[in-house]
Every structure is written in C-alpha cells, then in structure tokens.
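Read the structure below first, then the notes.
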Amino acid sequence: MKKQRGRHRRRKRGRALRGVLAGTALALTAAATMISASQATVDDDPGAVRPLTSRAELNTLRLTEELVPERTLDRLADELGRPVGVRAVLADADHTLRGAADCTAAERTALPVAPAPTHVYCWDAADTRGWRPGPLTTSGDADDDGHWGEQRVVLSAWSDGTASRVAFVDATDPDAPRYTWVGLAAPATEDGARPGTLRAPVTGMVWYQDKLLVGTGDGLYVYDVHRVQRESGPTGSRFTLPAVGVYRPDGPNPTRISLDRTTSPNSLVARAGDRLWRYDFSSDPERTGLLDTGRATEAYRSEVDGPGAVLSYRSRWYVTQAGEEHGTLWRQTARGAEATRCGDDATRRCWSAATPSLSYWEETGEVWAQSGRTLFALPLSSIDRSVE
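Count the sequence shown with mature numbering (1 follows the signal peptide of the UniProt record, and there is no 0) and you get residues -27 to -1, 1 to 361, in order.
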C-alpha cells in the first residue's frame, strides 16, 4: 500500500513538473521566433569527423601522469584529519536548488529551445554571485547503476578567478535537490603540508569510479573522492578535496571532457580546438579511475567552431557550438553532421548559448548540462529525434 501511495505522489509531482516544463517550452518557442535575423542564419555544415591515424598526430595528444606518493597523502591526512567521503558531504547539504517554476525568466532563456528539457533547476543567485559556472558530472558517470551508494549525485564546478569549487548535489529526491560546496585544492607537496587552492578555472570534469578528473588550462587534475576533508581554513567551503595527481599534456590540452561507457574499456573523451579524441581507462583494480596510459587511442578532426562541450555515444559525437543568444548542438559521425532544430523553423540555433559539458546518465537515458545558473536534463533520444 505504501508503494502505491508513493507512486501516486510521484505521478502527481510528475504531472505538475510536466505542466511547468510545458509552459517553459511554449515560452521558449515563442522566444525563438524573436531571434535576430543574423542568428537565424543556418550555420555552415561542419561535415563528417575525419580520423587522425598517424602516429605523430596521436603522439601530440599524449598525457604524462604525475601521481602524488601515497606516503605524502597519508601525511596530509594526518595534517587535515581523517577523510570523510561523499556521504558525509551530502549529509551536510545546506543549500537547495530551485525548481523550474521558481527560475526567473532570464534564467529560463539559458535553456534549449528544442528539444525541451524534462528537468530544470536554478542555482541561488546570492550563493553563486561572483562565481562563473563550469562543467558538471554525475553519479551516472561514476557508476553504471547511476548511484553513489544509495544516492543520486550531481557535481557542478564553479570558479571565481582565485579559487575553484564543486557543488555536491544530492539529487536522490528530484523534487528537492540539496547541495553543499567542496573547495578544490592543488596537489599536496612532498612534506604533506596543507596544499593551496586550485586557482585555475575548471573547463571540464568527469567522475569515474572513485576519481574526479578536473580539466584546467594547464592539465587534468585527479581527485580521490574518498579523500574529501572537512575544512577548517577560511576557504568559504565546508569541505576541501586535495588533488592526488595531475595529467600534463604534451600537446593540445583536453579542456572539454566527458565519459563514454559504450566503449570497452570505458573511455575519457576530450575536445580542444578542432580535435576530438579519447583515452582508455585502466582495468587494473589498483588503478581505479585512472587512465590506462597517457596515449590517445583514437582521434578525429571536427570542423565545429568554438570551445563547446563534447559527448561520445556509440560512434556518434555530440558537440556544442556557442552563440550569443542560442547555440547549436551538432551530432557528427563518419558520414556527416546534423543539428538539433527548432521544430519547423530551419534555424539550427536551438541549443543553450553556452554549455561547457554534456554528461550522459545511462541509468535514465538523460543528458545533463549546465548553462549559466540553470541546470537541466533531457533524454538523449529526444536529441536524436530532433536531428533526424
């Protein structure tokens, strides 16, 4: 009987949410008709992705792994106190995301016009003032069942020019997602002293197994989520996460990253400039969440302009292209390129103006993204229907 009542409540909440989102979709469709003539112009077709197979080309994409010695991490733990882990962070969540009905009109303009999102949340303006939104990742990346323990989790990165932090969002209850902040620290020094904050803005982020890979302008930092510490210093965050290593690029820096679970082994996808490429994750149980090697296993050239997000799924590449009011989401394959469209409107500028990342949650079939102070999700199948 309890399960029946629970399902009834969820159906009522679902109908209410669909009503709000339907209203949002209508408003965005109306807004699409007001896009300027210059923006409505169809962008040049970028065509198919082109494989880059030469050894010299692949060697330019090599990453050099630099891990902090275990003894150094142990000394740091002695300095900061026993690590508490993700569950303790979520238990201390002290902020709540606003639902779609409470987002402002300005915040809703950050949403795609088509396809319409099925989940929409907005961040507290006072809590994020002065911070620039960055990429996100989820427990759908971390574990194939979509959960971390019993909880569904979204991680959202923010930077202010002097520090970077991540909101750990407990999204187990989709009607009341709560979060708290975790400051990102640089790698520990050999003497085990307290490391400084990570000052570089976060450009990409993937949570895989127990590791959080954070892309910046100077490399790909590695964090062990089991090593979250309670923060006693004046950082503005209640917790801190020290880096346990870094991958340094020998060539192009993988500024935008995502996870692809459709490859064997699972792989890290990267984008920088006009290149798309991937690295295999290690299957060694002693190297959970780390790359197998620093060598790229495949690479492609894409003619999509700009530093947008990238996602790979079953040999399809989804790449975003920023715009002033609305951007474009392209699906590229070895045969050609297609873009999401605004219904009967021929314009391809139907996506958010800027989304630094795309994260696929396999358990639900949804793609999660962030644009400004707006967090949203929509089925990958709806994206495919839009381009087809």
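We put the beta carbon where it would ideally sit given N, CA and C, even for glycine.
On a predicted model such as this, the values are computed, not experimentally measured, just so you know.
query: Bridge partners - Asp233, DSSP secondary structure assignment; result: Ser240
query: Cβ contact check for the stretch 225 to 238 and the stretch 323 to 334: 3 or more pairs under 8 Å; result: yes
query: Reference Asp47; option with closest CA among Val217, Val142, Arg346; result: Val217
query: DSSP-derived helix/strand/coil call for Glu339; result: strand
query: Bridge partner(s) assigned by DSSP for residue 394; result: No answer is possible for residue 394: it lies beyond the span of the chain, which begins at -27 and ends at 361.
query: Residue of Asp133, Tyr194, Thr37, Ser256 minimising C-alpha distance to Gly107; result: Asp133
query: Gly113, enclosing alpha helix (DSSP H) - first and last residue; result: 112 to 115
query: Own chain partners of Val360 with C-beta closer than 7 Å, once the 5 adjacent residues on each side are dropped; result: Arg304, Glu311, Ala312, Thr313
query: Residue from Pro90, Ala50, Thr189, Asp51 whose Cα sits closest to the Cα of Leu348; result: Pro90
query: Pair within 8 Å by beta-carbon distance, Asp265 and Asp253; result: yes
query: Option in Leu70, Gly119, Ala327 with minimal Cα separation from Ala99; result: Leu70
query: For Ala61, the first and last residue of its enclosing alpha helix (DSSP H); result: 58 to 64
query: Cα-Cα separation between Thr77 and Leu302, rounded to whole angstroms; result: 24 Å
query: Rounded straight-line distance, which links the Cα of Arg55 to that of Val198; result: 13 Å
query: Inter-residue spacing [alpha-carbon to alpha-carbon] between Arg28 and Pro150; result: 46 Å
query: Run of the alpha helix (DSSP H) containing Leu53, from where it starts to where it stops; result: 43 to 53
query: Close beta carbons around Thr101, own chain, < 7 Å, minus the five adjacent residues each side; result: Trp131, Arg346
query: CB of residue 441 within 8 Å of CB of Ala295, strictly; result: Examination of residue 441 is not possible in this model, given that the chain is present from -27 through 361 alone.
query: Cross-strand partners of Trp154 (DSSP beta bridge); result: Ala140
query: Local Cβ density within 10 Å of Thr320, reported as buried at 16 or more and exposed below that; result: buried
query: Test item: CB-CB of Pro34 and Gly279 under 8 Å; result: The displayed chain sequence assigns Leu, not Pro, to residue 34. No. Outside cutoff.
query: Residue closest to Gly169, alpha-carbon to alpha-carbon, out of Leu214, Thr45, Tyr152, Gly188; result: Leu214
query: Cβ distance (whole Å) where Gly267 is taken to contact Glu38 below 8 Å; result: 6 Å
query: Ala307 beta carbon less than 8 Å from that of Val22; result: yes
query: CA-to-CA distance, Ser137 to Val283, given in whole angstroms; result: 22 Å
query: Ala79 classed as buried or exposed, judged by whether at least 16 other C-beta atoms fall within 10 angstroms; result: exposed
query: Simplified DSSP state of Leu84, which is helix, strand or coil; result: coil
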